[in-house]
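Okay, so here's the structure we're looking at.
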Amino acid sequence: MKTSLDHLERLIAFPSVSRDSNLDLIAYVRDFLSGCGIDSMLVHNEDGRKANLWATIGPKDVPGIVLSGHTDVVPVDGQAWSSDPFVVTARDERLYGRGTADMKSFLAIALALVPEMAALTRPIHLALSYDEEVGCLGAPTLIASLLNTVPRPAAVIVGEPTGMRVVTAHKSIFLFATHVRGFEVHSSLQDD
């Protein structure tokens, strides 16, 4: 049986930087789940280079708990890493590697627990998305594809670190389109 550290080492090894494909990581998760007898569904982005993954462990016809996480990480370009960012390194009782905190450790723990989840009477859903780091682009397409096909979840647990504390609500996001008419002027000459 694979441990969470086994899964974490594999997940970190996939350089799933937002500008690149996440399909190798998704294939790893899909293959692991298939080996446990669990089917999964993929929802690809427009050019097919990235995919969300949805899988249900347990009964599919009752509300369950969603464990949600993103598969992309921020780039490492220009950063002074003291170890390979795509290899898990243990140092000072901590694990280092791009995505260990945000959020591949959460995914690794969920995957390690999949065999135990199979005995539950309520389902656990795994929702893995792409492009969270560049504007949460993948999650809306996944949600849209599920709206009429799965029962509304009883709860969603997002493994996103928020000050390393449990938060019972979403921080939210607001988008605004602003149009300004007029002409440019320096603040010291606003009467001109």
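Reminder that position 76 of the sequence shown reads as 94 in my numbering, one-by-one numbering, no gaps. All C-beta atoms, glycine included, are put in the ideal place defined by N, C-alpha and C.
Take A172, set aside five residues on each side of it, and the residues of its chain with a beta-carbon closer than 8 Å to its own are P81, G82, I83 and R140, in chain order. Collapsing the DSSP output to three states places L41 in a helix.
By the 16-neighbour rule on beta-carbons within 10 angstroms, D149 is buried. In the DSSP assignment, G156 falls within the alpha helix (DSSP H) that extends over G156 to L164. Shortest Cα-Cα distance from W99 to any of G87, I75, R112 and R116 involves R116.
Boundaries of the alpha helix (DSSP H) around L26: S22 to A31. Classified as exposed, T167 has fewer than 16 neighbouring CB atoms from the shown chains inside 10 Å of its CB. Around the beta carbon of D90, 16 or more other beta carbons lie within 10 angstroms, which makes this residue buried. Scanning its chain for C-beta atoms nearer than 6 Å, with the 5 sequence neighbours on each side dropped, one finds around A119 the residues P179, in chain order. Under the criterion of beta carbons closer than 8 Å, A73 and D57 qualify as touching, at roughly 7 Å.
The three-state reading of DSSP puts M59 in strand, counting E and B together. A Cβ-Cβ distance of about 5 Å is found for the pair M121 and G177, placing them in contact under the 8 Å criterion. S39 places its beta carbon 8 Å or farther from that of V92. Using a 10 angstroms sphere on the CB of S147, the tally of other CB atoms reaches 16 or more, which defines it as buried.
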